[in-house]
Structure formats: structure tokens, C-alpha cells
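What follows is a set of notes on a single structure, which appears directly below.
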Amino acid sequence: MKKILILLFSLVFLTSTHIRAAETSPLDRLDKIADEALQMTKIGRFEAAKKFLEQFQDQFIEETSYGSILTMDELKIVMMSYNDAIRAINKVSLEPREKMDKVTTFRLVIDAINSHYQPMWTELQEPIMGAFSQIKEAAKEKDRMAYEAALTMFLEKYSLIQPSLKVDLSLEKLEKLDSDISFIDKFRNRIIEDDTQLVQLDIIESDLQHIFDKLSEDESDPSLWWVIITTGSIIVMTLSYVGWRKYRGEKHTKQKEHYD
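See the structure below:
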């Protein structure tokens, strides 16, 4: 029985070790550096954030020197968001909030590339959809001040995730969504003045909600389920074996008593 328990714990340990090893991929290392840059930016330590961004660049060059770990499209998105982030951090005259926005966008891009389930940008669903709901309400009430404020808030939040959408959405869906957002921005005055345009807002809201819902369908880490299933199977097999050994032992004892 003792040997069986040792075997069980060994298998569980090896399973968890496999998962930890998978978490140290090149993209995981880059993801961690990008997160450190964001954390430093959040607390206003811009020099520290700059160092992490520079470290990211060095690490990125090293990781990609032996072969690309990204597609060409992903590479373009990463470089564009990185350049925006490092320029923002280096620009002394830029407001802290603007620095934060650029580094956040960069952080979300790296996560979107590294994550295959529930990317971080989906966490902005509430502020984005909330701002859009305020746009609709203000347009219905013809409250121009509230309408402009809500529209500005929405466009700012959407700009944070737009580069990440390039990673996770098909080109067709992205182009349609970008077209919808451009329509709202370009024809903002017409929308609040013409009630017939409110229908278009409903359509755009539905498209936005669908994107968040689609990316939130699979919230679980597949590797976690692999651990659960594998560990569960090991436990069931072990208990079954222990039960069989016990049954064999009892049967043998009864047979011995019978012959005695």
C-alpha cells in the first residue's frame, strides 16, 4: 500500500511539473517582462518601466534570433505597440494617463498573442460596453454633453484593445468592427440628431457584445483540465488496484480458513 501511495504522488508531481515547464516558453518570459513594465507604469515609476521595455526588446531579439515565434502579422502588431509604448514612456511632456494607455495597449497585445483562452483585453468588457450604453442613452435623450463624454470614453477604451483584436479576430470581423467604430466617430452629430440612426447603434452594440461573448466561452486553461483528468484517472486506477488487492487478500484468507 505504501508503494502504491508513493507511485500515486510521484505521478501527480510529474504531471504538475509538466505544466510548470510548459509555462516557461519564450512567450511566457516576454509576457512577464511586459507585465512588469505595466506595473511600473501604474505606480509612476517610468524609468523602471523604460528599463523593462528595453529588457523586453533585448529578450525579444534573443528569442526570435533562432527562428520566429510569431507570424509576420503578429510581429508587426508587437513592434507597433512596443514603439508606441517606449515613445510614450520617453516623452517627458506626455501625461501619465497617456503613458499608461500606451503601455497597457502593449501589454494586452503580448497577452493576446501568448494566451489562447480568455485574453486580458476581455476584462475591459464592462467599461467598454458601459460607455456604449451611455452613448445610446444620451443620444435618445438628446443630451449632447453626456453624449460627447460617453463617446470620448468609449473611443479611448476601444483604442486600448484594438491592436489586440488584430490578434484574436479574423480580418473580416475586425474590418467590420473598425468600420462600425469609424462610423460612430465620423457621424457623431448625425447620430444624436437623427433618431433613425439609433438602430445602427443597436447593431454595433450587438456586434461588440458578440465578440466579448465569443472570447469568453472557453474560460478554462486546457492544460488545467489535462491535469485534472490525468490526476483523476491515476487516483481511480490506484484505488481500483488497492480494492482489487484487498479483495484478493480477503478471498485468500477465507479460502485458507475453509481448508483449515
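Residue numbering for the sequence shown is -21 to -1, 1 to 239, as defined by mature numbering (1 follows the signal peptide of the UniProt record, and there is no 0).
Where a beta carbon is used, it is the ideal one built from N, C-alpha and C, also for glycine.
| Item | Value |
| --- | --- |
| Any idea what DSSP makes of residue 68, helix, strand or coil? | helix |
| Helix, strand or coil for residue 98? Go by DSSP, reduced to three states. | coil |
| Could you pull out every unbroken beta strand (DSSP E) segment of at least 3 residues lying fully inside the segment 124 to 172, listed in chain order? | none |
| By DSSP, does residue 109 sit in helix, in strand, or in coil? | helix |
| Keeping to the same chain, check which residues put their C-beta closer than 6 angstroms to that of residue 86; ignore five residues upstream and five downstream. | 13 and 17 |
| Just verifying my parser: in three-state terms, what is the DSSP assignment at residue 122? | coil |
| Measure the alpha-carbon distance for residue 64 versus residue 180 and round it to whole angstroms. | 32 angstroms |
| With a threshold of 8 angstroms on Cβ separation, who are the neighbours of residue 38 within its own chain once the five nearest residues in sequence on each side are excluded? | 8, 9 and 12 |
| Count the other CB atoms, across all protein chains shown, that sit within 10 Å of the CB of residue 71; report buried if there are 16 or more and exposed otherwise. | exposed |
| What residue range is occupied by the uninterrupted alpha helix (DSSP H) comprising residue 83? | 75 to 93 |
| Within the same chain, show all residues whose beta-carbon is closer than 6 angstroms to that of residue 117, passing over the 5 residues directly before and after it, in chain order. | 125, 126 and 129 |
| Please name the residue in 141, 4 and 176 whose C-alpha comes closest to that of residue 60. | 141 |
| Ends of the alpha helix (DSSP H) at residue 12? | 5 to 21 |
| Please look up how many angstroms separate the CB atoms of residue 79 and residue 165, rounded, as I've assumed it's under 8 angstroms. | 27 angstroms between Cβ atoms; not a contact. |
| Identify which residue in 54, 106 and 187 has its Cα closest to the Cα of residue 6. | 54 |
| Have a look at residue 24 and residue 154 and give me their C-alpha separation to the nearest angstrom. | 37 angstroms |
| For residue 194, which of helix, strand or coil comes out of DSSP? | helix |
| If you drop the 5 nearest sequence neighbours on each side, which residues of the same chain put their C-beta closer than 6 angstroms to that of residue 113? | 129 |
| To the nearest angstrom, report how far apart residue 184 and residue 111 are at their CA atoms. | 7 angstroms |
| If you measure between the beta carbons of residue 121 and residue 69, is that distance less than 8 angstroms? | no |
| Considering only the beta carbon of each residue, do residue 108 and residue 188 sit closer than 8 angstroms? | yes |
| Among residues of its own chain, excluding the 5 on either side of residue 148, which ones have a beta-carbon nearer than 8 angstroms to its beta-carbon? | 156 and 190 |
| Taking the straight line between their C-alpha atoms, what separation do you get for residue 66 and residue 170? | 35 angstroms |
| DSSP three-state label for residue 49, please. | coil |
| Give me the Cα-Cα distance between residue 172 and residue 159, rounded to the nearest whole angstrom. | 18 angstroms |
| Below 7 angstroms CB to CB, which residues in the same chain sit around residue 34 once its five sequence neighbours on both sides are set aside? | 12 |
| With distance defined between alpha-carbon atoms, name the residue in 4, 115 and 84 nearest to residue 102. | 84 |
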